[in-house]
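Numbering (my numbering), first residue to last: 118 to 331. Worksheet for the structure shown next.
What follows is the structure, encoded as structure tokens:
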């Protein structure tokens, strides 16, 4: 009986040592570093914008970017964010139920804000909020590029393999502030989008990336 118990304890100890050897990070206490750089990629979904001539249709597309986070306390970080997508824009005519291609366009977010970590271990759920500007750049010289005030809000989880390397998965709302009505106009070879009153264009994305901390 004693021999049997001893054998079981021996097996348990050997198994425990093997787990520690194979998965050392599972038992590690990771240091919270002051700086984190996270290049990421994902997919962005976008709503359309109602105009006086129909609905501006902005296609969903892949997006990518990077975040720089600077820790100012145990659970609070300052976040600087860059995000970009390349898409197509069309005009869906209200009475004809057809969509005419207008131009290719890039959308870039330049943001600054805060990130709050809700845990301190290897898994770290977080929430983030930023404000800044969004740059709409049509790839057609007939249309004018434009800057708009915008903000983002979202959350996700970070998982650390070591003090200096982890992964970050996130969902996020991206909201450029527009105006409630709009129309497309052309004059003397120049085209633009005229907008009035206050509204917004709702976008959201799902992204993942590597976290480099130091």
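Quick reminder that beta carbons are idealized off the backbone N, C-alpha and C, glycines included.
Below 8 Å CB to CB, which residues in the same chain sit around residue 372 once its five sequence neighbours on both sides are set aside?
Lying before the first or after the last residue shown, residue 372 is absent from the chain, which here runs from 118 to 331.
Looking only at its own chain, which residues have a Cβ that is under 8 Å from the Cβ of residue 152, when we skip the five neighbours before and after it?
185, 186, 187, 188, 330 and 331
Using the C-alpha atoms, what's the distance from residue 320 back to residue 256?
20 Å
So is residue 253 buried or exposed if we call it buried at 16+ other beta carbons inside 10 Å?
A residue is called buried once 16 or more other Cβ atoms fall within 10 Å of its Cβ, and residue 253 is buried on that count.
Helix or strand or just coil, what does DSSP make of residue 189?
Reduced to three states, the DSSP call for residue 189 is coil.
Per DSSP, residue 176 forms a beta bridge with which residues?
According to DSSP, residue 176 bridges with nothing at all.
Report the rounded CA-to-CA distance for residue 180 versus residue 223, giving the unit in angstroms.
10 Å
For residue 192 and residue 231, which I take to be in contact (beta-carbon distance under 8 Å), what is that distance rounded to the nearest angstrom?
In fact, because the Cβ distance is near 11 Å, the residues do not count as touching under 8 Å.
Cβ atoms of residue 326 and residue 157: under 8 Å apart, would you say?
The answer is yes: Cβ separation under 8 Å.
How is the beta strand (DSSP E) around residue 254 delimited, first residue to last?
240-255
Hey, residue 292 and residue 262: beta-carbon distance below 8 Å or not?
Note that the C-beta distance between residue 292 and residue 262 is not below 8 Å.
To which residues does DSSP link residue 150 through a beta bridge?
In DSSP, residue 150 forms no bridge with anything.
Are the CB atoms of residue 324 and residue 159 nearer to each other than 8 Å?
yes
Report buried or exposed for residue 79, applying the criterion of at least 16 other Cβ atoms within 10 angstroms of its Cβ.
The structure shown does not extend to residue 79, since the chain spans only 118 to 331, so no value can be given for it.
For residue 79, which residues in the same chain have their Cβ closer than 6 Å to its Cβ, ignoring the five residues on either side in sequence?
Since the displayed the chain opens at 118 and closes at 331, residue 79 lies outside it and no answer follows.
Spell out the partners DSSP gives residue 181 in its beta bridges.
According to the DSSP secondary-structure assignment, residue 181 is paired through a beta bridge with 158 and 201.
What three-state label does DSSP hand residue 263 in the structure shown?
Here residue 263 sits in strand by DSSP.
Please report how far the alpha carbon of residue 328 lies from the alpha carbon of residue 202, in whole angstroms.
21 Å
Is DSSP giving residue 144 helix, strand or coil here?
Here the model assigns residue 144 a pLDDT of 46, short of 50, so the residue's position is not dependable, and the following value carries that caveat. Helix.
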